[in-house]
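Asks: Handing you this structure, nothing more for now.
Protein chains: 2
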Amino acid sequence: MIDVARHAGVSRTTASYVLTGAGRVSTATRERVQASIETLGYVYNEGAASLRRKGRTIGVIVPNIDRPFFGEVLSGVESTFTASGYMALMVSTRDRLDQQARLLRMLREHQVAALAIIPATGSNHDLVSSIRSWDVPTVFLSRYVLGATEPYVGSDEVLGGYLAADHLVRAHRCRSITYLGGPKLGVARIDRLTGVHRALAESGSEVNLVDLTCESTVEAGIRAGHELAGSGLPDGIICHNDTVALGVARALFDAGHAGATRIIGYDDIATAQASIPSLTSVATNGRLLGETAASALLAVISGAEPAVRSHLAEPQLIVRESCGDHA
Amino acid sequence: MIDVARHAGVSRTTASYVLTGAGRVSTATRERVQASIETLGYVYNEGAASLRRKGRTIGVIVPNIDRPFFGEVLSGVESTFTASGYMALMVSTRDRLDQQARLLRMLREHQVAALAIIPATGSNHDLVSSIRSWDVPTVFLSRYVLGATEPYVGSDEVLGGYLAADHLVRAHRCRSITYLGGPKLGVARIDRLTGVHRALAESGSEVNLVDLTCESTVEAGIRAGHELAGSGLPDGIICHNDTVALGVARALFDAGHAGATRIIGYDDIATAQASIPSLTSVATNGRLLGETAASALLAVISGAEPAVRSHLAEPQLIVRESCGDHA
DNA sequence: TTGTAAGCGTTATCAG
DNA sequence: CTGATAACGCTTACAA
Numbered sequence: 001m002i003d004v005a006r007h008a009g010v011s012r013t014t015a016s017y018v019l020t021g022a023g024r025v026s027t028a029t030r031e032r033v034q035a036s037i038e039t040l041g042y043v044y045n046e047g048a049a050s051l052r053r054k055g056r057t058i059g060v061i062v063p064n065i066d067r068p069f070f071g072e073v074l075s076g077v078e079s080t081f082t083a084s085g086y087m088a089l090m091v092s093t094r095d096r097l098d099q100q101a102r103l104l105r106m107l108r109e110h111q112v113a114a115l116a117i118i119p120a121t122g123s124n125h126d127l128v129s130s131i132r133s134w135d136v137p138t139v140f141l142s143r144y145v146l147g148a149t150e151p152y153v154g155s156d157e158v159l160g161g162y163l164a165a166d167h168l169v170r171a172h173r174c175r176s177i178t179y180l181g182g183p184k185l186g187v188a189r190i191d192r193l194t195g196v197h198r199a200l201a202e203s204g205s206e207v208n209l210v211d212l213t214c215e216s217t218v219e220a221g222i223r224a225g226h227e228l229a230g231s232g233l234p235d236g237i238i239c240h241n242d243t244v245a246l247g248v249a250r251a252l253f254d255a256g257h258a259g260a261t262r263i264i265g266y267d268d269i270a271t272a273q274a275s276i277p278s279l280t281s282v283a284t285n286g287r288l289l290g291e292t293a294a295s296a297l298l299a300v301i302s303g304a305e306p307a308v309r310s311h312l313a314e315p316q317l318i319v320r321e322s323c324g325d326h327a
Numbered sequence: 328m329i330d331v332a333r334h335a336g337v338s339r340t341t342a343s344y345v346l347t348g349a350g351r352v353s354t355a356t357r358e359r360v361q362a363s364i365e366t367l368g369y370v371y372n373e374g375a376a377s378l379r380r381k382g383r384t385i386g387v388i389v390p391n392i393d394r395p396f397f398g399e400v401l402s403g404v405e406s407t408f409t410a411s412g413y414m415a416l417m418v419s420t421r422d423r424l425d426q427q428a429r430l431l432r433m434l435r436e437h438q439v440a441a442l443a444i445i446p447a448t449g450s451n452h453d454l455v456s457s458i459r460s461w462d463v464p465t466v467f468l469s470r471y472v473l474g475a476t477e478p479y480v481g482s483d484e485v486l487g488g489y490l491a492a493d494h495l496v497r498a499h500r501c502r503s504i505t506y507l508g509g510p511k512l513g514v515a516r517i518d519r520l521t522g523v524h525r526a527l528a529e530s531g532s533e534v535n536l537v538d539l540t541c542e543s544t545v546e547a548g549i550r551a552g553h554e555l556a557g558s559g560l561p562d563g564i565i566c567h568n569d570t571v572a573l574g575v576a577r578a579l580f581d582a583g584h585a586g587a588t589r590i591i592g593y594d595d596i597a598t599a600q601a602s603i604p605s606l607t608s609v610a611t612n613g614r615l616l617g618e619t620a621a622s623a624l625l626a627v628i629s630g631a632e633p634a635v636r637s638h639l640a641e642p643q644l645i646v647r648e649s650c651g652d653h654a
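Residue numbers (my numbering), protein chains in the order written: chain D, 1 to 327; chain P, 328 to 654.
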């Protein structure tokens, strides 16, 4: 930069001013500096700058970068950040607490200016206090941690569970429902189940609810489907996400039970509409969630400290064929 | 760090040595320093360190962070990097050249130590020379740029096209084949088509090949499927990726042409096996691709300059039901 | 094994 | 609007 200044015949200060847009510089000199930058092929050193002022990189922690829903969230986060000149340092915990702790430390050493995190399953107050002691603007995304007071951007899981169960019970008169998938102790899972219970209670009818856990993969969905087929099918199945829903549907088809029960997925990933039968799903718009969280974070960074509040998006039930409503 | 040194009763140099593992420090003092670090709650400042030595963040550019295949690649890249103490600055170009240029510049300003890039469609020598003038270790990933000499990690697209077409022609005696999807000028697309042509030539039989373009979304696949249904179905369809394949399959089903033609997808994403009918697909193992590229980059960074070479993985045809082979 | 001191490229302050 | 000058937190010869 000192070269640029010299080449343009100005002081380092002035050069810095035109680079950052701060301070008042005459249009004439500004253009002269710009020209020097161009001919010298100078490129701004963000790293060096970060040594003085606040950096422009933001940490993003997700459980699994390659799961469709998280991919959507990430794309929203990333585009919002880069649109404002920030860059996202994204890492994936594989939903493991030890990895999460390690990555958190790495991000801290990298001086990220803020943190957006989808906490790994089982995250507790240790995570929160670790972040607090660090004192970095943070937003929890898509999953919250009990007892945390930092802003949270997610969707209303209770409502999601309610919508799914309500549809099965009211529109299809299901008398037995299975909730399938998700980590046993995940907050999303627990909330959705309370939504389910609420819907059942409201319906007034006697409904038998079974609660099953499984990994969030197609394979796990397939296995679960076969077990279900063997042990007697419920009237309806609410899956923790679309991926396992598709696996279940496939397994039931293979077991000769195609269309024998209603299946509802969660997240409404892109391919849900294409599956045969098309998948009824609770849509949560991950991309929007990501954008919202990123915007909130940017706002905090820009000094609007107290303005940030939590945000709960309303999920929407997209009714398709897999729950028995044939288009 | 100066505080740590003081607290431990050593010089900054020594403190630095134990932090980085460089230099020789007696076990006694090392432990003393570690203790001070602990009690003082000191955290290493990677940004400051990068001002002197090479940084430990690596730029990763992809066209679309939320497309399943790229998600797989990214997860491979990310886990390999973080396992070695590097962090990935990931950005998504939305497959647009202007975005790509902008993001490239941002990454440069952030002093990334290396670059892994899936170039946006239409990238040409401008991209290459821009990267060269920058002089940063680079690996092209999954898509190459004509005339680039930097290492490339991808899969053998010609072979992939060949496998798909060969199966349709030899196993199913298809006499008319449509290649559907992908950006018109994408290198992957062109290569796969030469593979297709090769298979047709080898078969010796007269085959009518139609070449159609579409966006890589479910919706585009559905539209294309309806058009195909309207204008007469070919004996077999090779889709540019699984997402459009699923869309096509759905559209044909809706148009009353279920099972009327053979469909082959590409990438073998997780849900391909669960679809009904299950999707025959050319598997490319994106995760492994990502890991390979990341390892190559790490090797270059570690000084093994000349050792890096291109790597072409062999895709594999996973035969399932959508091409007429019922399990 | 430890200490000294010179950078790395930027920003910020403050007096011209 | 410009010029010095002091940080920012760390690495790394070189010397002791």
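Virtual Cβ for every residue (Gly too), placed ideally from N, Cα, C.
Values in this document were obtained by computation on a predicted structure and should not be read as measured data.
Check the Cβ-Cβ distances between P/Tyr344 and every residue of chain D, and say whether any is below 9 Å.
Replies: It does not: the Cβ of P/Tyr344 has no partner Cβ on chain D nearer than 9 Å.
Asks: Nearest to P/Arg519 by CA position, among P/Val609, P/Ser530, P/Gly552 and P/Leu573, is which residue?
Replies: The residue with the shortest Cα to Cα distance from P/Arg519 is P/Val609.
Asks: List, from N- to C-terminal side, the alpha helix (DSSP H) runs of 4 residues or more that fit wholly inside the region 510 to 594 of chain P.
Replies: Runs found: 514 to 530, 545 to 558 and 569 to 581.
Asks: Going by other Cβ atoms of all chains shown within 10 Å of its Cβ, with 16 needed for buried, is D/Leu185 buried or exposed?
Replies: When all chains shown are included, D/Leu185 counts as exposed.
Asks: Locate the beta strand (DSSP E) running through P/Leu442, then write down its first and last residues.
Replies: Unbroken beta strand (DSSP E) run through P/Leu442: Ala441 to Ile444.
Asks: Quick one: does D/Met87 have its CB under 9 Å from some CB of chain P?
Replies: Judged by the 9 Å Cβ criterion, D/Met87 is in contact with chain P.
Asks: Are the beta-carbon atoms belonging to D/Asp66 and P/Ser402 less than 9 Å from one another?
Replies: Yes, the Cβ-Cβ distance between D/Asp66 and P/Ser402 is below 9 Å.
Asks: Answer with yes or no whether the minimum CB distance from D/Asp328 to chain P is below 9 Å.
Replies: This structure leaves residue 328 of chain D out entirely; chain D is present only between 1 and 327.
Asks: What ranges does the beta strand (DSSP E) occupy inside the region 86 to 134 of chain D, keeping only unbroken runs of at least 3 residues that lie completely in it?
Replies: With a minimum length of 3 residues, the continuous beta strand (DSSP E) runs that stay inside the region 86 to 134 of chain D are 87 to 92 and 115 to 117.
Asks: Could you list which residues in chain D have their beta carbon closer than 7 Å to that of P/Thr598, in chain order?
Replies: Residues of chain D passing the Cβ test: Val218, Thr243, Leu246 and Thr271.
Asks: Using CA atoms only, rank isn't needed, just tell me which of D/Ser203, D/Leu297, D/Cys323 and D/Ser322 is closest to D/Ser140.
Replies: Correcting the residue type first, residue 140 of chain D is Phe in the shown sequence and not Ser. Answer by Cα proximity: D/Leu297.
Asks: Between the beta-carbon of P/Ile596 and the beta-carbon of P/Leu644, is there less than 9 Å?
Replies: Against a cut-off of 9 Å, the Cβ pair of P/Leu644 and P/Ile596 comes out as no contact.
Asks: Spatial neighbours of P/Met414 within its chain, please: CB distance less than 6 Å, with the 5 preceding and 5 following residues excluded, ordered by chain position.
Replies: Closer than 6 Å at Cβ, skipping near neighbours: Thr384.
Asks: Exposed or buried, which one is P/Arg636 when buried takes at least 16 other CB atoms within 10 Å?
Replies: Classification of P/Arg636: exposed, given that the 10 Å Cβ count is below 16.
Asks: Do P/Ser411 and P/Leu616 count as a contact pair if the criterion is CB distance below 9 Å?
Replies: Not in contact: P/Leu616 and P/Ser411 (Cβ atoms no closer than 9 Å).
Asks: Cα-Cα, which of P/Ala428, P/Glu373 and P/Gly374 is closest to P/Ile388?
Replies: Comparing Cα positions, the closest option is P/Ala428.
Asks: Quick check on D/Ile269: does DSSP put it in helix, strand or coil?
Replies: It is coil, neither helix nor strand.
Asks: According to DSSP, simplified to helix, strand and coil, what is D/Val4?
Replies: Residue state, collapsed to three classes: helix.
Asks: Under 9 Å, Cβ to Cβ, is there at least one residue of chain D near P/Met433?
Replies: Taking Cβ atoms only, chain D reaches closer than 9 Å to P/Met433, which makes this a yes.
Asks: May I have the straight-line CA-CA distance separating D/Ile238 from D/Arg170, to the nearest angstrom?
Replies: Answer to the nearest angstrom: the Cα atoms are 15 Å apart.
Asks: Over what stretch of residues does the alpha helix (DSSP H) that includes D/Ala274 continue unbroken?
Replies: No alpha helix (DSSP H) contains D/Ala274, which DSSP labels as neither H nor E.
Asks: Output needed for D/Trp134: all residues of its chain with C-beta closer than 7 Å, excluding positions within five of it in sequence on either side, in chain order.
Replies: Arg108, listed in sequence order.
Asks: Taking C-beta pairs closer than 8 Å, name the residues in chain P that D/Val91 reaches, listed in chain order.
Replies: Here the neighbours are Glu405, Thr409, Met414 and Ala415.
Asks: So, does the CB of D/Gly41 fall closer than 9 Å to a CB anywhere in chain P?
Replies: Closer than 9 Å: yes.
Asks: Starting from the beta carbon of D/Asp66, find every residue of chain P whose beta carbon is closer than 8 Å, and list them in chain order.
Replies: Those within 8 Å of D/Asp66 in chain P are Pro395, Gly398, Glu399, Leu401, Ser402 and Arg614.
Asks: CB D/Arg223 to CB P/Gln600, shorter than 9 Å?
Replies: Not in contact: D/Arg223 and P/Gln600 (Cβ atoms no closer than 9 Å).
Asks: By how many angstroms is the C-alpha of D/Tyr152 removed from the C-alpha of D/Ala245?
Replies: Computed Cα separation, rounded: 27 Å.
Asks: P/Thr505 bridges to which residues according to DSSP?
Replies: Looking at the DSSP assignment, P/Thr505 forms a beta bridge with P/Val537 and P/Ile564.
Asks: Considering only DSSP beta bridges, list what P/Ala492 is partnered with.
Replies: P/Ala492 pairs with nothing; no bridge assigned.
Asks: Identify the continuous beta strand (DSSP E) that holds P/Leu615 and give its terminal residues.
Replies: Note, P/Leu615: premise wrong, no beta strand (DSSP E); alpha helix (DSSP H) at Gly613 to Ile628.
Asks: Figure out for me which residue from P/Val360, P/His553, P/Phe580 and P/Tyr471 has the closest Cα to the Cα of P/Thr347.
Replies: Of P/Val360, P/His553, P/Phe580 and P/Tyr471, the residue nearest in Cα terms is P/Val360.
Asks: Give the straight-line distance between the Cα atoms of P/Ala526 and D/Arg175, rounded to the nearest whole angstrom.
Replies: Whole-angstrom Cα-Cα distance: 55 Å.
Asks: At a CB distance below 7 Å, what residues from the region 369 to 380 of chain P approach chain D? Give them in sequence order.
Replies: The residues in question are Val370, Tyr371, Asn372, Glu373, Gly374, Ala375, Ser377 and Leu378.
Asks: Determine which residues of the region 253 to 264 of chain D have a Cβ less than 7 Å from any Cβ of chain P, and write them out in chain order.
Replies: Cβ contacts with chain P come from Phe253.
Asks: Which word fits D/Ile117, buried or exposed, when buried means at least 16 other C-beta atoms lie within 10 angstroms of its C-beta?
Replies: Classification for D/Ile117: buried.
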